[in-house]
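To start, the structure itself, in structure tokens.
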Amino acid sequence: MDVDALHHQLGISPMMLHDTQAWDQVFNASDELLGVCTGPETPSISRAHQRSLDHKTSMTLQVLTNNRDNLNRTLVRYGCRPNPEMNKDMYKINYAIWATRPLTQRLIDHASGNVKSLCDLRQKQQKKAQNIDGAEARCIAASAANASFYKKLMKIVSIRHVGRFIGPRGSNLNSLTAQHPGVHFQTVAHVRAGNLMVFAEKEEHFDKVLSCISVYK
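My numbering numbers the first residue of the sequence shown as 213 and each following residue consecutively.
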């Protein structure tokens with residue numbers, strides 16, 4: 213998502229987002245993980261209890277992210293037409309290709325194709341949720357929890373060995389995320405290769421995480 217840029221650079225916080233990735237993660241989660249996202253059904257709930265549920269939901273999303281699929285494969289699973297303009301090989305040529313100006317027609321077709329595909333995917337997911345008891349509420353909660361990551365404190369860290377930091381299929385990054393609840397990482401391809409955005413709930417969380425990151429600098 214680009215919620216991080218909207219929030220930290222323009223002060224805009226979108227509401228009622230349909231995070232297709234979060235919905236997909238909920239659909240593919242185990243019953244145990246789904247229970248974390250659901251929370252209590254009682255309308256009377258304390259703020260402390262709600263914060264606890266929000267934290268558990270965030271932790272659930274971190275676990276589910278380990279099995280994240282790319283957009284085209286996700287589209288196929290839902291019976292949607294994949295984006296024919298998507299080409300992951302372009303990142304091997306230029307990691308920061310989306311910072312190129314003016315955008316080439318190939319990039320414009322790639323981006324517009326993704327937008328159309330996401331709209332189709334949203335409709336499929338909403339239809340699927342109607343056939344699963346309580347799924348829509350869990351998906352909405354997961355979307356909100358995902359978006360809340362980007363409203364936290366944020367720092368940009370430069371990493372020389374970004375590939376080693378992420379690890380095979382994101383193994384190192386996922387492990388570090390699991391060790392530090394409340395912290396989220398995102399690469400910054402549009403700035404330059406090797407930059408990483410770190411989101412945290414509190415300032416002191418950065419110190420622990422940055423000490424782990426320092427070995428990759």
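Built from N, CA and C at the ideal position, the CB exists for glycine as well.
Keep in mind that this is a model prediction, so the values were computed, not measured.
Residue i and residue j look like a contact to me (Cβ under 8 Å); what is the Cβ gap, rounded to whole Å?
i           : j           : result
residue 354 : residue 229 : That belief does not hold up - the Cβ atoms of residue 354 and residue 229 are roughly 11 Å apart, past 8 Å.
residue 295 : residue 326 : 6 Å
residue 309 : residue 371 : About 19 Å; that fails the 8 Å criterion.
residue 290 : residue 333 : 6 Å
Helix, strand or coil for residue i, going by three-state DSSP, please let me know.
i           : result
residue 215 : helix
residue 287 : helix
residue 220 : helix
residue 387 : helix
Leaving aside the five residues before and after residue i along the sequence, list all residues of the same chain whose C-beta is less than 6 Å from its C-beta, in chain order.
i           : result
residue 362 : 215, 216 and 219
residue 348 : 341
Hey, out of the options, whose CA is closest to residue i's CA?
i           : options               : result
residue 408 : 378, 377, 369 and 423 : 369
residue 232 : 349, 331 and 378      : 331
residue 365 : 378, 379, 396 and 372 : 396
residue 335 : 235, 222 and 323      : 235
residue 391 : 318, 378, 420 and 411 : 420
Excluding five sequence neighbours on each side, which residues of the same chain lie with their C-beta closer than 8 Å to the C-beta of residue i?
i           : result
residue 306 : 312
residue 415 : 365
Starting from residue i, follow the alpha helix (DSSP H) in both directions and report where the run begins and ends.
i           : result
residue 300 : Where residue 300 is concerned, there is no enclosing alpha helix (DSSP H), given that its DSSP letter is neither H nor E.
residue 412 : First-last for residue 412: 407-412, but that is the beta strand (DSSP E), not the alpha helix (DSSP H).
residue 422 : 415-425
residue 318 : 317-342
List the endpoints of the continuous beta strand (DSSP E) containing residue i.
i           : result
residue 365 : 365-370
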